[in-house]
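Numbering (our numbering), first residue to last: 590 to 895.
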Ligand SMILES: NC(=O)c1ccc[n+]([C@@H]2O[C@H](COP(=O)([O-])OP(=O)(O)OC[C@H]3O[C@@H](n4cnc5c(N)ncnc54)[C@H](O)[C@@H]3O)[C@@H](O)[C@H]2O)c1
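Shown next as structure tokens:
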């Protein structure tokens, strides 16, 4: 796993470890309490990445490491770093003879929220929907998906490749008040739907995303090589019916939104369910008021006395 210390990675590591995988996290940052061996390596260092993968000789690699927040750095830097990380990981995977590589893309490749307007071809959005990136981050994810397709054509006889587009990731501690990636709490996001409207109310519990990764690893040989999957919750993160909330907060989507029933999410994960038998089990409706998660894992920066 690359990026195992991150918001998503910490839960994926835990899910995989609990499922009996022998997980090693490679991340520039350390995380306290991660149930995995950790190697602190800068994956922008191609030689160090190659050496680490050759030493570990893993059965599979899950690549999450990235600059994960659009706009958090200049576009050129995000594009450069994210694509370089992908090249370095792909190169190290092939050199080490790894049999499977799953990489994280993003729903932002679709293009919603573009400053000069965006309308879907249809709703709910699925993996066949046209893409239209408008940030350096989304463009980096399009490039990463294209690099995976390239690898399938070139190296598809020696490895299985997959891409997943996790929706807005909610780590377990965020259900009990820790800030989400955008800084607001879940309660604040629900109280002010405009906050989630920018991402069309998409989200996924990080543990459900971990279950998706486990499902892909188990069945990578059975699904089309290079397949792309949306990975989202089975409902939208808004109290109103989804169509009503879209009509209020993203009026351009109102006509297409009429296709959505009840709390149906804008992003469909039907492909993951059909091909991998995966479906998100957690919803804000159940998780928000459940007991606090035991033993939250923190990165070194987040730890209170670090
Ligand atoms: N969080 C979301 O809502 C979301 C949604 C869609 C896609 N994604 C994607 O999922 C992946 C994980 O996202 P996240 O939210 O956990 O991000 P995060 O920033 O919390 O974690 C990313 C991790 O990658 C590590 N990393 C970054 N550059 C590195 C480098 N050069 N060498 C080694 N490690 C490095 C960081 O230290 C960090 O621990 C990313 O690829 C992101 O683009 C996230």
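Just so you know, even glycine gets a beta-carbon here, dropped at the ideal spot from N, CA and C.
Distance check for residue 781 and residue 667, CA to CA, integer angstroms please.
If you take the alpha carbons of residue 667 and residue 781, they lie about 29 Å apart.
Rounded to whole angstroms, what is the Cα-Cα separation between residue 824 and residue 671?
Taking the straight line joining both Cα atoms gives about 30 Å.
Does ligand 1 have a heavy atom nearer than 7 Å to the CB of residue 636?
No, since every heavy atom of ligand 1 falls outside the 7 Å radius drawn around the Cβ of residue 636.
In the DSSP assignment, find the beta strand (DSSP E) that holds residue 749 and state where it starts and stops.
Counting along the chain, the beta strand (DSSP E) containing residue 749 begins and ends at 749-755.
Mind checking whether residue 724 and residue 663 have CB atoms under 8 Å apart?
Against a cut-off of 8 Å, the Cβ pair of residue 663 and residue 724 comes out as no contact.
What are the partner residues of residue 626, as DSSP defines its beta bridges?
The partner list for residue 626 (beta bridge, DSSP) reads 613.
If we count Cβ pairs, one from each stretch, closer than 8 Å, do we get three or more for the region 776-790 versus the region 692-712?
With the cut-off at 8 Å, the region 776-790 and the region 692-712 touch.
Given 7 Å as the limit, tell me if residue 755 has its C-beta closer than that to any heavy atom belonging to ligand 1.
Yes, Cβ of residue 755 sits closer than 7 Å to a heavy atom of ligand 1.
Tell me which same chain residues have a C-beta within less than 8 Å of the C-beta of residue 606, skipping the five on either side of it?
Closer than 8 Å at the Cβ level, and outside the excluded window around residue 606, lie 612, 624 and 625.
As an exercise, report each continuous alpha helix (DSSP H) stretch of at least 4 residues that is fully enclosed by the region 642-721, in chain order.
Counting only runs of 4 or more, we get 664-684.
Tell me whether residue 621 sits in a helix, a strand or coil according to DSSP, three-state version.
If DSSP states are grouped into helix, strand and coil, residue 621 belongs with the strands.
Rounded to whole angstroms, how far is the Cβ of residue 852 from the Cβ of residue 819, which I believe are closer than 8 Å?
Not a contact, Cβ separation roughly 17 Å.
Less than 8 Å between the beta carbons of residue 769 and residue 759, yes or no?
Closer than 8 Å, so yes.
Helix, strand or coil for residue 818, going by three-state DSSP, please let me know.
Strand.
Within 10 angstroms of its Cβ, does residue 616 collect 16 or more other Cβ (buried), or is it exposed?
That one is buried.
Beta carbon of residue 725: closer than 7 Å to some heavy atom of ligand 1?
Answer for residue 725: no, Cβ out of range of ligand 1.
Taking the C-alpha atoms as reference points, what is the distance between residue 748 and residue 601?
Straight-line Cα distance between these residues: approximately 21 Å.
Starting from the N-terminal side, write out each stretch of the beta strand (DSSP E) that is 3 residues or longer and does not extend beyond the region 815-882.
The qualifying runs are 816-820.
Taking 7 Å as the cut-off, is the C-beta of residue 595 nearer than that to any heavy atom in ligand 1?
Yes; taking the cut-off as 7 Å, the Cβ of residue 595 has a heavy atom of ligand 1 nearer than that.
Does the beta carbon of residue 695 fall short of 7 Å from some heavy atom of ligand 1?
Yes; taking the cut-off as 7 Å, the Cβ of residue 695 has a heavy atom of ligand 1 nearer than that.
Looking only at its own chain, which residues have a Cβ that is under 6 Å from the Cβ of residue 874, when we skip the five neighbours before and after it?
Cβ neighbours of residue 874 beyond the five flanking positions: none.
Would you say residue 604 touches ligand 1, meaning its beta carbon is less than 7 Å from a heavy atom?
Flag unset: Cβ of residue 604 not near ligand 1.
Once you ignore the five residues that flank residue 815 on each side, which residues in its own chain have a CB closer than 8 Å to its CB?
Closer than 8 Å at the Cβ level, and outside the excluded window around residue 815, lie 737, 738, 740, 741, 745, 750, 751 and 752.
For residue 597, which three-state DSSP category applies?
It is coil, neither helix nor strand.
Could you tell me if residue 721 is buried or exposed, where buried requires 16 or more neighbouring beta carbons within 10 angstroms of its beta carbon?
Exposed.
Output the residue ranges of the alpha helix (DSSP H) runs that lie fully inside the region 783-820 and measure 4 residues or longer, sorted by chain position.
DSSP runs (the alpha helix (DSSP H)) wholly in the region 783-820: 783-786 and 795-808.
Verify the contact flag: residue 591, CB atom, against every heavy atom of ligand 1, threshold strictly below 7 Å.
Result yes, Cβ under 7 Å from ligand 1.
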